[in-house]
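K.L.:
So the sequence shown is residues 0 to 273, counted in numbering that gives the first Met the number 0.
In this text, a Cβ means the ideal position worked out from N, Cα and C, and glycines have one as well.
Predicted, not measured: the structure shown is a model, and the values here were computed from it.
Shown below is the structure under consideration.
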Amino acid sequence: MILDRHHPIANLLWSISLFLIAYRCDAQWMEQTIELKSGWNSVYLEVEPFPAECSIQLLGLPVESVATYDPNSSPVEFIEDPSNLVPELPDWRFYFPKNDPRSFATNLYVFQAATPYLIKCSAPATWKVVGRPLHIPQNWKPNSYNLVGFPVDPDNPPTVESWFAPSTAHSPIDFWRLDSAGVWQKVNAVSTTTIEPGVAYWVYSNGESDYQGPLDIALPQGTELNYERGLVEQAIEVSNVSALSRSVTVRALNSTSPPDPTLPIKGGEVPLTY
(Lines of atoms letter the chains of each structure in order from A and count residues from 1; the text may use other names and numbers.)
(Lines give C-alpha, C1' and ligand atoms only; values in the text may rest on other atoms or scores of the structure.)
Protein backbone atom coordinates (compact mmCIF):
# COMPACT_ATOMS: atom_id res chain seq x y z
CA MET A 1 0.00 0.00 0.00
CA ILE A 2 1.61 3.30 -1.15
CA LEU A 3 0.39 6.78 -0.20
CA ASP A 4 1.20 10.05 -1.95
CA ARG A 5 1.70 12.90 0.52
CA HIS A 6 -0.92 14.97 -1.35
CA HIS A 7 -3.55 12.25 -0.90
CA PRO A 8 -6.08 13.40 1.74
CA ILE A 9 -5.47 10.23 3.75
CA ALA A 10 -1.78 11.02 4.14
CA ASN A 11 -2.33 13.95 6.50
CA LEU A 12 -5.28 12.53 8.38
CA LEU A 13 -5.93 9.99 11.08
CA TRP A 14 -5.71 6.37 9.96
CA SER A 15 -8.03 3.57 10.88
CA ILE A 16 -7.50 0.07 9.54
CA SER A 17 -10.27 -2.34 10.40
CA LEU A 18 -11.00 -5.95 9.67
CA PHE A 19 -14.15 -7.80 10.65
CA LEU A 20 -14.07 -8.14 14.45
CA ILE A 21 -10.56 -6.80 14.86
CA ALA A 22 -9.31 -3.27 14.21
CA TYR A 23 -5.94 -1.56 14.31
CA ARG A 24 -5.12 2.12 14.09
CA CYS A 25 -2.09 3.79 12.46
CA ASP A 26 -2.75 7.45 13.10
CA ALA A 27 -1.18 10.79 12.16
CA GLN A 28 -1.38 14.41 13.35
CA TRP A 29 -3.27 15.11 16.60
CA MET A 30 -5.65 12.77 18.38
CA GLU A 31 -7.64 13.13 21.60
CA GLN A 32 -8.01 10.14 23.89
CA THR A 33 -10.76 10.38 26.50
CA ILE A 34 -10.21 8.32 29.65
CA GLU A 35 -12.91 7.92 32.27
CA LEU A 36 -11.24 7.59 35.66
CA LYS A 37 -13.22 6.10 38.53
CA SER A 38 -12.63 6.54 42.23
CA GLY A 39 -9.93 4.08 43.29
CA TRP A 40 -7.58 2.23 40.97
CA ASN A 41 -7.70 2.51 37.17
CA SER A 42 -5.76 0.47 34.63
CA VAL A 43 -5.02 2.79 31.70
CA TYR A 44 -3.30 2.30 28.35
CA LEU A 45 -2.22 5.52 26.62
CA GLU A 46 -2.73 5.40 22.86
CA VAL A 47 -1.16 8.81 22.16
CA GLU A 48 2.14 10.54 22.90
CA PRO A 49 0.80 13.30 25.19
CA PHE A 50 1.75 16.92 24.66
CA PRO A 51 2.88 18.27 27.01
CA ALA A 52 4.13 14.95 28.35
CA GLU A 53 4.88 15.98 31.94
CA CYS A 54 2.75 14.12 34.48
CA SER A 55 2.30 17.23 36.64
CA ILE A 56 0.86 19.20 33.69
CA GLN A 57 -1.33 16.42 32.30
CA LEU A 58 -2.89 15.68 35.69
CA LEU A 59 -3.35 19.30 36.77
CA GLY A 60 -6.77 19.67 38.37
CA LEU A 61 -7.52 15.94 38.37
CA PRO A 62 -8.09 14.05 41.66
CA VAL A 63 -5.11 11.75 41.07
CA GLU A 64 -3.34 10.42 44.15
CA SER A 65 -0.66 8.34 42.43
CA VAL A 66 0.47 6.84 39.12
CA ALA A 67 2.55 3.69 38.70
CA THR A 68 4.06 1.86 35.75
CA TYR A 69 6.63 -0.91 35.61
CA ASP A 70 10.06 -0.61 34.05
CA PRO A 71 10.03 -2.75 30.86
CA ASN A 72 13.82 -3.10 31.05
CA SER A 73 13.70 -4.92 34.37
CA SER A 74 13.74 -8.66 34.97
CA PRO A 75 10.46 -10.64 34.71
CA VAL A 76 7.87 -8.47 36.41
CA GLU A 77 6.25 -9.51 39.66
CA PHE A 78 2.51 -9.75 39.14
CA ILE A 79 0.83 -7.80 41.95
CA GLU A 80 -2.85 -8.75 42.22
CA ASP A 81 -3.75 -5.89 44.58
CA PRO A 82 -2.51 -2.45 43.38
CA SER A 83 -2.66 -1.17 46.97
CA ASN A 84 0.51 -3.21 47.52
CA LEU A 85 2.40 -0.99 45.09
CA VAL A 86 4.96 0.97 47.10
CA PRO A 87 7.92 3.13 45.97
CA GLU A 88 10.35 0.57 47.37
CA LEU A 89 9.55 -1.84 44.52
CA PRO A 90 12.61 -1.69 42.22
CA ASP A 91 10.79 -2.63 38.99
CA TRP A 92 8.20 0.13 39.21
CA ARG A 93 8.14 3.89 38.59
CA PHE A 94 5.86 6.24 40.54
CA TYR A 95 4.43 9.71 40.30
CA PHE A 96 2.97 11.54 43.31
CA PRO A 97 1.53 15.08 43.26
CA LYS A 98 3.68 17.77 44.87
CA ASN A 99 1.31 18.15 47.81
CA ASP A 100 1.57 14.43 48.62
CA PRO A 101 3.99 13.51 51.45
CA ARG A 102 5.34 10.75 49.19
CA SER A 103 6.29 13.17 46.41
CA PHE A 104 9.98 12.84 47.28
CA ALA A 105 9.78 9.26 45.94
CA THR A 106 8.59 10.35 42.49
CA ASN A 107 10.68 8.81 39.70
CA LEU A 108 8.08 8.94 36.91
CA TYR A 109 7.96 12.35 35.25
CA VAL A 110 6.46 11.99 31.77
CA PHE A 111 3.74 9.97 30.08
CA GLN A 112 4.48 7.99 26.92
CA ALA A 113 2.39 6.46 24.15
CA ALA A 114 1.69 2.72 24.07
CA THR A 115 2.39 2.52 27.80
CA PRO A 116 0.25 1.11 30.65
CA TYR A 117 -0.38 3.04 33.85
CA LEU A 118 -2.09 2.25 37.14
CA ILE A 119 -3.76 5.44 38.31
CA LYS A 120 -5.38 5.93 41.72
CA CYS A 121 -8.03 8.64 42.07
CA SER A 122 -9.86 10.06 45.07
CA ALA A 123 -12.95 10.80 42.95
CA PRO A 124 -14.28 10.09 39.44
CA ALA A 125 -12.91 12.31 36.66
CA THR A 126 -12.55 12.58 32.89
CA TRP A 127 -9.00 12.85 31.54
CA LYS A 128 -8.73 14.20 27.99
CA VAL A 129 -5.29 13.57 26.52
CA VAL A 130 -4.24 15.26 23.27
CA GLY A 131 -1.13 14.03 21.51
CA ARG A 132 0.39 12.27 18.52
CA PRO A 133 -0.75 8.70 17.90
CA LEU A 134 2.24 6.45 17.32
CA HIS A 135 2.44 2.88 16.06
CA ILE A 136 4.68 1.21 18.67
CA PRO A 137 4.84 -2.61 18.55
CA GLN A 138 4.40 -4.50 21.81
CA ASN A 139 7.71 -5.72 23.26
CA TRP A 140 6.77 -8.92 25.10
CA LYS A 141 8.88 -9.90 28.10
CA PRO A 142 9.32 -13.71 27.86
CA ASN A 143 8.17 -16.05 30.63
CA SER A 144 6.59 -13.16 32.46
CA TYR A 145 3.37 -11.29 32.95
CA ASN A 146 3.18 -8.15 30.82
CA LEU A 147 1.02 -5.12 31.56
CA VAL A 148 -0.23 -4.23 28.08
CA GLY A 149 -3.00 -2.56 26.09
CA PHE A 150 -4.26 -3.13 22.56
CA PRO A 151 -5.16 -0.89 19.56
CA VAL A 152 -8.69 -2.16 19.02
CA ASP A 153 -11.78 -0.68 17.40
CA PRO A 154 -13.94 0.88 20.15
CA ASP A 155 -17.07 0.29 18.08
CA ASN A 156 -16.34 -3.36 17.31
CA PRO A 157 -13.78 -4.76 19.78
CA PRO A 158 -12.45 -8.31 19.40
CA THR A 159 -12.80 -11.02 22.01
CA VAL A 160 -9.75 -12.06 23.99
CA GLU A 161 -9.85 -15.46 22.28
CA SER A 162 -10.05 -14.11 18.72
CA TRP A 163 -7.20 -11.67 19.33
CA PHE A 164 -4.76 -14.26 20.67
CA ALA A 165 -5.87 -17.25 18.57
CA PRO A 166 -2.86 -17.14 16.17
CA SER A 167 -0.25 -16.82 18.95
CA THR A 168 1.41 -19.95 20.34
CA ALA A 169 3.19 -17.89 23.01
CA HIS A 170 -0.20 -16.97 24.47
CA SER A 171 -1.72 -20.44 24.55
CA PRO A 172 -3.28 -21.21 26.93
CA ILE A 173 -4.48 -17.63 27.38
CA ASP A 174 -3.54 -16.17 30.77
CA PHE A 175 -5.36 -12.81 30.80
CA TRP A 176 -6.27 -10.60 33.79
CA ARG A 177 -8.30 -7.40 34.13
CA LEU A 178 -8.87 -4.96 36.98
CA ASP A 179 -12.32 -5.32 38.55
CA SER A 180 -14.55 -2.60 40.01
CA ALA A 181 -13.04 -3.19 43.47
CA GLY A 182 -9.53 -2.48 42.16
CA VAL A 183 -8.32 -6.10 42.28
CA TRP A 184 -6.97 -8.10 39.34
CA GLN A 185 -9.18 -11.01 38.29
CA LYS A 186 -8.34 -13.74 35.79
CA VAL A 187 -10.61 -13.80 32.73
CA ASN A 188 -11.88 -17.32 32.11
CA ALA A 189 -14.62 -16.48 29.59
CA VAL A 190 -12.12 -15.50 26.88
CA SER A 191 -14.53 -16.40 24.06
CA THR A 192 -17.07 -13.78 25.16
CA THR A 193 -14.98 -11.13 26.94
CA THR A 194 -14.00 -8.25 24.66
CA ILE A 195 -10.81 -6.19 24.82
CA GLU A 196 -11.46 -2.53 25.65
CA PRO A 197 -9.44 0.28 24.06
CA GLY A 198 -7.47 2.45 26.47
CA VAL A 199 -7.40 -0.29 29.13
CA ALA A 200 -4.30 -2.17 30.32
CA TYR A 201 -4.33 -5.88 31.17
CA TRP A 202 -1.91 -8.40 32.60
CA VAL A 203 -1.08 -11.04 29.97
CA TYR A 204 1.41 -13.89 30.33
CA SER A 205 3.86 -14.65 27.51
CA ASN A 206 5.17 -18.21 27.31
CA GLY A 207 8.68 -17.60 26.00
CA GLU A 208 9.72 -15.13 23.31
CA SER A 209 7.00 -13.45 21.27
CA ASP A 210 6.73 -10.70 18.67
CA TYR A 211 2.96 -11.10 18.34
CA GLN A 212 1.07 -7.87 17.64
CA GLY A 213 -2.37 -9.30 16.89
CA PRO A 214 -3.92 -11.14 13.93
CA LEU A 215 -2.94 -8.23 11.68
CA ASP A 216 0.62 -6.91 11.78
CA ILE A 217 1.50 -3.45 10.43
CA ALA A 218 4.98 -2.19 9.57
CA LEU A 219 5.65 1.47 8.78
CA PRO A 220 8.74 2.58 6.83
CA GLN A 221 9.84 4.96 9.61
CA GLY A 222 8.87 2.76 12.51
CA THR A 223 6.24 4.65 14.49
CA GLU A 224 4.54 7.15 12.16
CA LEU A 225 4.02 8.41 8.61
CA ASN A 226 6.24 11.48 8.41
CA TYR A 227 6.36 13.18 5.01
CA GLU A 228 9.64 15.10 5.01
CA ARG A 229 10.49 17.58 2.28
CA GLY A 230 10.87 15.75 -1.02
CA LEU A 231 9.17 12.57 0.21
CA VAL A 232 5.95 12.04 -1.75
CA GLU A 233 5.02 8.42 -1.03
CA GLN A 234 5.49 5.72 1.59
CA ALA A 235 4.75 2.01 1.64
CA ILE A 236 2.84 0.37 4.49
CA GLU A 237 3.28 -3.36 5.01
CA VAL A 238 0.19 -5.17 6.27
CA SER A 239 0.54 -8.86 7.18
CA ASN A 240 -2.22 -11.30 8.08
CA VAL A 241 -0.61 -13.68 10.58
CA SER A 242 -3.77 -15.67 11.24
CA ALA A 243 -5.08 -18.67 9.32
CA LEU A 244 -8.27 -16.82 8.36
CA SER A 245 -8.90 -14.57 5.38
CA ARG A 246 -9.21 -10.93 6.39
CA SER A 247 -10.77 -7.87 4.80
CA VAL A 248 -8.88 -4.61 5.37
CA THR A 249 -10.46 -1.17 5.04
CA VAL A 250 -8.63 2.17 5.17
CA ARG A 251 -10.65 5.27 6.00
CA ALA A 252 -9.72 8.89 6.65
CA LEU A 253 -10.60 10.76 9.84
CA ASN A 254 -9.96 14.41 10.60
CA SER A 255 -7.16 15.36 12.95
CA THR A 256 -8.29 16.90 16.24
CA SER A 257 -7.27 20.42 17.25
CA PRO A 258 -3.69 20.97 18.51
CA PRO A 259 -3.11 21.06 22.28
CA ASP A 260 -4.06 24.21 24.17
CA PRO A 261 -1.36 26.80 23.27
CA THR A 262 -1.62 28.36 26.75
CA LEU A 263 -0.11 25.26 28.36
CA PRO A 264 3.55 25.64 29.38
CA ILE A 265 5.98 24.07 26.91
CA LYS A 266 9.48 23.15 28.06
CA GLY A 267 10.95 22.10 24.73
CA GLY A 268 9.54 24.78 22.43
CA GLU A 269 6.78 24.42 19.89
CA VAL A 270 6.28 21.05 18.21
CA PRO A 271 5.60 21.42 14.47
CA LEU A 272 3.08 19.23 12.70
CA THR A 273 4.44 17.02 9.94
CA TYR A 274 3.00 17.43 6.48
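1) So Tyr210 and Arg176 are in contact, right, with Cβ under 8 Å, and what is the actual spacing, rounded?
2) Label Ser256 either buried or exposed according to how many other C-beta atoms from any shown protein chain fall within 10 Å of its C-beta, with 16 as the threshold for buried.
3) Rounded to a whole number of angstroms, what is the C-alpha to C-alpha distance between Asp80 and Gly181?
4) Is it true that the region 38-48 meets the region 126-139, where meeting means three or more beta-carbon pairs spaced less than 8 Å apart?
5) Count the CB pairs spanning the region 208-222 and the region 238-256 that are closer than 8 Å, and state whether there are at least three.
6) Can you give, in chain order, each stretch of the beta strand (DSSP E) that sits fully within the region 36-73 and has at least 3 residues?
7) DSSP state of Ser179, grouped into three classes?
8) Please state if the CB of Cys120 and the CB of Gly38 are separated by a distance shorter than 8 Å.
9) Quick check: what's the CA-CA separation for Cys107 versus Ala66?
10) Does the region 157-167 come within contact of the region 53-69, defined as at least 3 CB pairs closer than 8 Å?
11) Evaluate Ser82 with the Cβ neighbour count: other Cβ atoms within 10 Å of its Cβ, from every protein chain shown; 16 or more gives buried, anything less gives exposed.
12) I need the straight-line Cα distance from Ile118 to Arg250, nearest angstrom please.
13) By a C-beta neighbour count over all protein chains shown, 10 Å radius and 16 as the cutoff for buried, is Gln220 buried or exposed?
14) Measuring alpha carbon to alpha carbon, tell me which residue in His134, Ser246, Thr105 is nearest Thr114.
15) Suppose the cutoff is 6 Å on Cβ atoms and the five residues either side in sequence are ignored; what does the same chain contact list for Gln184 look like?
16) With a cut-off of 8 Å on the beta carbons, I'd call Gly148 and Val186 a contact; round off their distance for me.
P.N.:
The relevant details are as follows:
1) Actually they do not touch by this definition, with Cβ atoms about 19 Å apart.
2) exposed
3) 7 Å
4) yes
5) yes
6) 38-44, 46-48, 62-68
7) coil
8) yes
9) One point to set straight first is that residue 107 is Leu, not Cys, in the sequence displayed. Roughly 8 Å between the two C-alpha positions.
10) no
11) exposed
12) 33 Å
13) exposed
14) His134
15) Asp178
16) At roughly 15 Å, the Cβ-Cβ gap does not stay under 8 Å, so Gly148 and Val186 are not in contact.
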